[in-house]
Amino acid sequence: MSEGFISRAFRGRRQQGDVAGRLPPGQYLERGFPVLSAGPTPHTPLERWDFSIVGNVKEPKRWTWQELLAFPHETPTVDISCVTKWTKFDTHWEGVSVETLLQQVEYDPNVARYVIAFSDGGYTTNLPLADVLGGKAWVAFSYEGQPLAPEHGGPARLLVPHLYFWKSAKWVRGLRLVDHDEPGFWESLGYHNYGDPWKEERYQGD
Amino acid sequence: MERRTLPGRLTWQRGEVVATEQETARAQSITLALPTWMGHRAGQHVDVRLTAEDGYQAERSYSIASPPEEQPRVTLTVERLDDGEVSPYLTDELRVGDKLELRGPIGGYFVWEASMGGPLLLVAGGSGIVPLMAMLRHRAAVGSTVATRLLYSSRSYADIIYRDELERLDEADQMLEVVHTLTRVQPPGWTDYHRRIDTDMLREVAWPSDQHPLMYICGPTPFVETAAASLVTLGHEPARIKTERFGPTGEA
Amino acid sequence: MMENKLDGNAAAGTLQAIFPFEMTLVQATCAGCGTTNALGATAAYMHGMGTIVRCPVCDTELIRVAHVKGRYFLDMRGVRVLQISAEA
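Chains as they are written, first to last, in our numbering: chain F, 1145 to 1350; chain E, 1448 to 1699; chain L, 416 to 503.
Right under this line is the structure:
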C-alpha cells in the first residue's frame, strides 16, 4: 500500500494555470492528444466502410462513406475530457450531427430510449438516446482541419463531448437503438454507466 | 532449476536508492536496497510507481539490469525520454537516500538462466539491452559456458550502454561474442555494422536454425518486430523467440 | 503506429497483483480461435483505463482488467480454458 508515501519532488507533467473554472473537477490541461488503444487499429477501406442505424427502428438504414459526407457538415469546437484526467480545450472537429442521421429513420423515442454505438474491432459504448440528440453528438471525420487519423478513430468516430471521452467511440460503424440499457466495453468493467465529467462520474458507484 | 514459490499476490514495496551511475548521456543506473525483496531471475522487470503530494500517480515498467546473484540489491537502468513523465524524474531528480516504490519481480516468460542452456542469441535495440545485460551478468556470475552472441543496435558509439563492461566480458570469454551495429553515426575506423538490423545481418550473426538457439529480443516495438520477423524468415522456430517490446518510444 | 501494444509479459504486474501465481507462464485457450498460448506470448494493450490481453493469433480479447476504486474488474470470457502449473 502507498499509505502516505510521497515521491519527493515528483509533480508529473500536469500544468497548473489560470484555467481552473473551465476544467472539470480532477482534470488537468493537456496540450497533446494521447492515444489510448484497447486493441489493434482497424483499417477499413473507405469503399467498404458504412454507417448503420439498426435495432428498435422501423427500418434499418445504412450509408456509404460518400452518402454520409453528403449530409450537412457541422464544425463544432469543443472541450474534451478523458477519464484518465486529461482535458483539451477548443478542439476543432468536422462531422455530421447524429440528430441529422436519426432524422432519417423512424423510431418511437419512448421505446428506443438508449443507443449502443458499435465500432470496428468490437468496441461498444452505451448512451441515453437524449444524449445524442439536440446538437450534442456527431459522427466526426476531421480533426483540426485534417482527416481524422486512424489512431484517433479515423475514418470516423463518434463525438459526444459532454461526457467522458470513452463514450466518443473510435472507428464507429453505427448505432443500435434499444429499449433496455446495455453496458458497453468500459461500462461493464467498472466504469460509470453515464460519465458526466462535471459530476466526476468516472466509475460505478460515483 | 531452482523454483521459487511466489508469496501470494504482488504488492508494492519500498526501496532506498543506495547508488546512481551515469551510463551514457541519457541512461542512468539506479541501485536500490530492498528489504523485502524475494530475489528475481534475469530478464524480469519491476513496475515503478511515483506519487505526487496531491495523490497523482504515474507507473512505468523497468527491466532489472542486475543479476539475481546481487540480491537484495536491485539495479535498474533508465533511459531518459525528453517527453517522459517518469524517466526524467528517475534520471534527473532521484538521489541517494530517496525512497522508490516498486513491485516485482515480474514476468516469468522473458527470463534466461544458465540451466536453460543454449546456444543463446540476444538482440538488443537501444535501452532494450537492459534485461539482456542481466542475463549476461548472471551468465558470468555462475561461470556458464553456454555459447552466446549479442547483437546490439545503438545510435552512436556514445550511446552504447555498458560499453566497457561488454568489451571486458567479450574479451574474457571465448564462448561470448558481442556484435555492435551503430545506426546513425560511427567513429573513425569503425569496422562493425553500421545500419539498422535486417535479415542479412541476422543471418551472419545468428546461429543456423538447425542449432535451435534460444532467442531473446528487446527494444522499441518496430525494432523487435523487424528482428523477430527476420529470424522467422531465416527458419528459426517462433516458439524459441521471446520478445519484450518497449513501446513505440522505448518507455514501457 | 501509435498503439500502446506490448508483450503479454508487460501485463504480468497487473495480473500478479490479482492472481497469486506466475501468470505469464499460464496457458490460455482462446475462445475465439481455439489456439493455446502462454499469456507471456500474447499482446497486451495497456493504458490509463485498463489492460486488455489479446490472442496473438486472432486478436480476440482474452482478458480485460480495470483497477477501479480498490477493486479489480476482470473479464475473462475470451479464455475458454486456463492451464496453471500445480507445482509451486
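C-beta atoms are modelled at their ideal positions from N, C-alpha and C, and glycine is treated no differently.
Is residue j closer than 8 angstroms to residue i when the C-beta atoms are compared?
i: Trp1330/F; j: Trp1315/F; result: no
i: Pro1184/F; j: Glu437/L; result: no
i: Ala1182/F; j: Tyr1267/F; result: yes
i: Asp1194/F; j: Trp1207/F; result: yes
i: Ile1197/F; j: Leu1246/F; result: yes
i: Thr439/L; j: Gly455/L; result: yes
i: Val1533/E; j: Ala1505/E; result: yes
i: His1236/F; j: Gly1289/F; result: yes
i: Trp1282/F; j: Glu1344/F; result: no
i: Pro1667/E; j: Phe1693/E; result: yes
i: Pro1463/E; j: Ala1480/E; result: It should be noted that the sequence gives Glu, not Pro, for residue 1463/E. Yes, Cβ-Cβ distance for Glu1463/E and Ala1480/E is below 8 angstroms.
i: Ser1510/E; j: His1487/E; result: no
i: Arg479/L; j: Leu1333/F; result: yes
i: Ala1293/F; j: Ala1261/F; result: no
i: Ala425/L; j: Ser1508/E; result: yes
i: Val1465/E; j: Val1558/E; result: no
i: Ser1600/E; j: Thr1628/E; result: yes
i: Val1227/F; j: Arg1152/F; result: no
i: Phe1177/F; j: His1306/F; result: no
i: Leu477/L; j: Val441/L; result: no
i: Pro1209/F; j: Leu1180/F; result: A small fix is needed here, since residue 1209/F is Trp in this sequence, not Pro. The answer is no: Cβ separation not under 8 angstroms.
i: Thr466/L; j: Gly493/L; result: no
i: Thr451/L; j: Pro471/L; result: no
i: Ala1284/F; j: Glu1243/F; result: no
i: Val1240/F; j: Leu1212/F; result: yes
i: Val1368/F; j: Lys1280/F; result: Any property of residue 1368/F remains undetermined from this structure, which presents chain F solely from 1145 to 1350.
i: Pro435/L; j: Gly1455/E; result: yes
i: Gly1199/F; j: Asn1270/F; result: no
Enumerate in chain order the residues of its own chain whose CB-to-CB distance from residue i is below 8 angstroms, with the five nearest sequence positions on each side excluded.
i: Gln1171/F; result: Ser1225, Lys1229, Trp1230, Thr1231, Pro1341
i: Val1163/F; result: Leu1173, Phe1233
i: Asp1617/E; result: Leu1623, Glu1624, Val1625
i: Met1145/F; result: Residue placement at Met1145/F is poorly supported in this model, since its pLDDT is 45, which falls under 50; the coordinates still yield a value, given next. Counting only Cβ-Cβ distances below 8 angstroms, and skipping sequence neighbours, we find nothing.
i: Glu1614/E; result: Val1625
i: Asp1350/F; result: His1336, Lys1343, Glu1344
i: Arg1473/E; result: Glu1526, Arg1527, Thr1538, Asp1606
i: Ser1553/E; result: Correcting the residue identity first, residue 1553/E is Ile in this sequence and not Ser. Here the set comprises Leu1457, Gln1491, His1492, Val1493, Asp1494, Ser1508.
i: Tyr1640/E; result: Val1626, His1627, Thr1628, Leu1629, Met1648
Spatial neighbours of residue i within its chain, please: CB distance less than 6 angstroms, with the 5 preceding and 5 following residues excluded, ordered by chain position.
i: Arg1450/E; result: With a pLDDT of only 45 at Arg1450/E, under 50, the local geometry of the prediction cannot be trusted, and the value read off the model is given with reservation. None.
i: Thr1690/E; result: Ile1664, Val1671, Ala1675
i: Cys473/L; result: Gly447, Cys448
i: Thr1452/E; result: Confidence at Thr1452/E is low in this model, with a pLDDT of 47, below 50, so its placement is unreliable and the value that follows should be read with caution. Closer than 6 angstroms at the Cβ level, and outside the excluded window around Thr1452/E, lies no residue.
i: Glu1548/E; result: Trp1459, Arg1461, Arg1496
i: Thr1498/E; result: Gln1504
i: Gln1248/F; result: Lys1205
i: Ala1594/E; result: Gly1565, Pro1566, Met1622
Sorted by chain position, which residues of the same chain lie with C-beta nearer than 7 angstroms to residue i's C-beta, five sequence neighbours on each side aside?
i: Met416/L; result: Summary for Met416/L: the model assigns pLDDT 45, below 50, so the residue's position carries little reliability; its value from the coordinates is reported in the next sentence. Correct list: empty, nothing qualifies.
i: Pro1514/E; result: Ala1489, Ala1581, Arg1584, His1585, Ala1588
i: Glu1470/E; result: Ser1476, Thr1524, Ile1608, Tyr1609
i: Met464/L; result: Ala481
i: Leu1681/E; result: Thr1646, Leu1649, Arg1650, Ala1653, Ser1656
i: Ala1512/E; result: Ser1476, Thr1522, Leu1523, Thr1524, Val1577, Met1580, Ala1581
i: Arg1257/F; result: Pro1272, Leu1273, Asp1323
i: Thr1592/E; result: Met1622
i: Thr1673/E; result: Ile1644
Please look up how many angstroms separate the CB atoms of residue i and residue j, rounded, as I've assumed it's under 8 angstroms.
i: Leu1649/E; j: Arg1687/E; result: Not quite, the Cβ-Cβ distance comes to about 14 angstroms (not below 8 angstroms), so this is no contact.
i: Leu421/L; j: Ala459/L; result: 5 angstroms
i: Gly1490/E; j: Pro1578/E; result: 5 angstroms
i: Leu1597/E; j: Ala1653/E; result: Not confirmed; about 11 angstroms, so no contact.
i: Val1322/F; j: Glu1250/F; result: Not really, about 16 angstroms apart at Cβ, beyond 8 angstroms.
i: Tyr1308/F; j: Gly1339/F; result: 4 angstroms
i: Arg1351/F; j: Ser1263/F; result: The question about residue 1351/F has no answer here: the residues shown for chain F are numbered 1145 through 1350.
i: Val1632/E; j: Ser1603/E; result: 5 angstroms
i: Phe1154/F; j: Tyr1536/E; result: 5 angstroms
At a Cβ threshold of 8 angstroms, is residue i touching chain A?
i: Thr466/L; result: The structure shown contains no chain A; its protein chains are F, E and L.
Original post:
Mind listing which residues of the segment 1539 to 1559 of chain E have their C-beta closer than 8 angstroms to chain L's C-betas, in chain order?
Top reply: Arg1550, Gly1551, Ile1553, Gly1554, Gly1555, Tyr1556, Phe1557
Original post:
Between the segment 417 to 432 of chain L and chain F, which residues of the former have CB atoms less than 9 angstroms from a CB of the latter, in chain order?
Top reply: Met417, Glu418, Asn419, Lys420
Subject >> Contact set between the segment 1173 to 1188 of chain F and chain L, restricted to residues whose Cβ is under 9 angstroms from the partner >> reply: Pro1178, Val1179, Leu1180, Ser1181, Ala1182, Gly1183, Pro1184, Thr1185
**OP:** Entirely within the segment 1589 to 1627 of chain E and at least 4 residues each: give me those alpha helix (DSSP H) ranges in chain order.
**Re:** 1610 to 1619
Subject >> the segment 1318 to 1343 of chain F: positions lying closer than 9 angstroms to chain L by Cβ >> reply: Phe1329, Trp1330, Ser1332, Leu1333, Gly1334, Tyr1335
**OP:** Pull out every residue of the segment 1271 to 1289 of chain F whose Cβ sits closer than 7 angstroms to any Cβ of chain E, in chain order.
**Re:** none
**OP:** Output the residue ranges of the alpha helix (DSSP H) runs that lie fully inside the segment 1614 to 1692 of chain E and measure 4 residues or longer, sorted by chain position.
**Re:** 1646 to 1652, 1668 to 1680
Original post:
Residues in the segment 1612 to 1642 of chain E with C-beta within 7 angstroms of chain L's C-beta atoms, listed in sequence order?
Top reply: none
Original post:
Going along the chain, which residues of the segment 1584 to 1614 of chain E sit with their C-beta nearer than 7 angstroms to a C-beta in chain L?
Top reply: none
**OP:** Scan the segment 1672 to 1698 of chain E for residues whose Cβ lies nearer than 7 angstroms to a Cβ of chain F and list them as they occur along the chain.
**Re:** none
**OP:** May I ask you to list, following chain order, the residues of the segment 442 to 457 of chain L that have a beta carbon less than 9 angstroms from some beta carbon of chain E?
**Re:** Ala453, Leu454, Gly455, Ala456
Original post:
Curious, which full-length beta strand (DSSP E) runs of at least 3 residues does the segment 1216 to 1262 of chain F contain?
Top reply: 1221 to 1225, 1230 to 1241
**OP:** Please list the residues of the segment 1216 to 1228 of chain F that have a C-beta atom closer than 7 angstroms to any C-beta atom in chain L, keeping them in chain order.
**Re:** Val1227, Thr1228
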